[in-house]
Structures are given as C-alpha cells and as structure tokens.
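Data block below; observations after.
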Amino acid sequence: MQIYYLYQTSSTNLNDTLNQVNKLRILCSAKDRKVSQLENLCEEYREKYENDVRTLQYKFELSERSKYDLEQKYKLINTQREELFETNNQLHRTIKDAELRIQQLE
C-alpha cells in the first residue's frame, strides 16, 4: 500500500511538473512572439525615423541653397538699384545742365 501511494504521489507530482513545464513553454513561446513583434516594430520605427531624418536633411539643404540664392539675388538687386539711382542722378544733373545752357542761350 505504501509503495502504491509513493508511486501515485510521484506520478501526480510528475504530471503537475510536466503541466507546469508545458505552461512555461507556452508562456515562453508567447513571450518570444511578443519580443519578436516588438523588435519588428522597433525596426520599422527606426527605418521611419531614418527616412524622416533624411527627408528633413534634404529639405534643410534645399532651404539653405534657397537662402543663399535669395541673398545673392538681393545683393544683385541692391547693386542694380544703386546703379539706377546713380544713373537717375546723372540724368537729373544732365537735364539741369541742359536747362541752364538753354537759359543762357536765350
């Protein structure tokens, strides 16, 4: 009787242990799947982040080029404006000189 009880207890303990091991395997498998999903998500986010950074760098470079181009255009326009003012002043002086000569000739 005592041997049967030992066997029964050992068998029950073994079954319980096997059940616990199987539960742990299932939990570990689920955990591994979740870890894999999280790794995939991290990779997707990393790729998106890198793409966004590249896009922003490209846009920044374009804006820097545009800024430089606009600064050069502004300088050119200012130079042309100064030249036009100088030409305008020369024309006014020429007109005044011509008017004075006309008055002297009359």
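Here the working numbering is used: the first residue of the sequence shown is 1, the next is one more, and so on.
For each residue, glycine too, the CB sits at the ideal point set by N, CA and C.
The model shown is predicted, which means the values in this text are computed figures rather than measured ones.
For residue i, does the three-state DSSP call read helix, strand or coil?
| i | result |
| --- | --- |
| Glu47 | helix |
| Glu106 | coil |
| Gln2 | Confidence at Gln2 is low in this model, with a pLDDT of 48, below 50, so its placement is unreliable and the value that follows should be read with caution. The answer is helix: DSSP assigns Gln2 an H, G or I state. |
Counting only the same chain and skipping the five closest in sequence on each side, list residues whose C-beta sits under 6 angstroms from that of residue i.
| i | result |
| --- | --- |
| Arg101 | none |
| Glu86 | none |
Less than 8 angstroms between C-beta atoms, sequence neighbours within five positions excluded: which residues of the same chain meet that for residue i?
| i | result |
| --- | --- |
| Glu50 | none |
Check whether the Cβ of residue i lies closer than 8 angstroms to any Cβ atom in chain B.
| i | result |
| --- | --- |
| Lys75 | Among the chains in the structure shown there is no chain B, since it carries only a single protein chain. |
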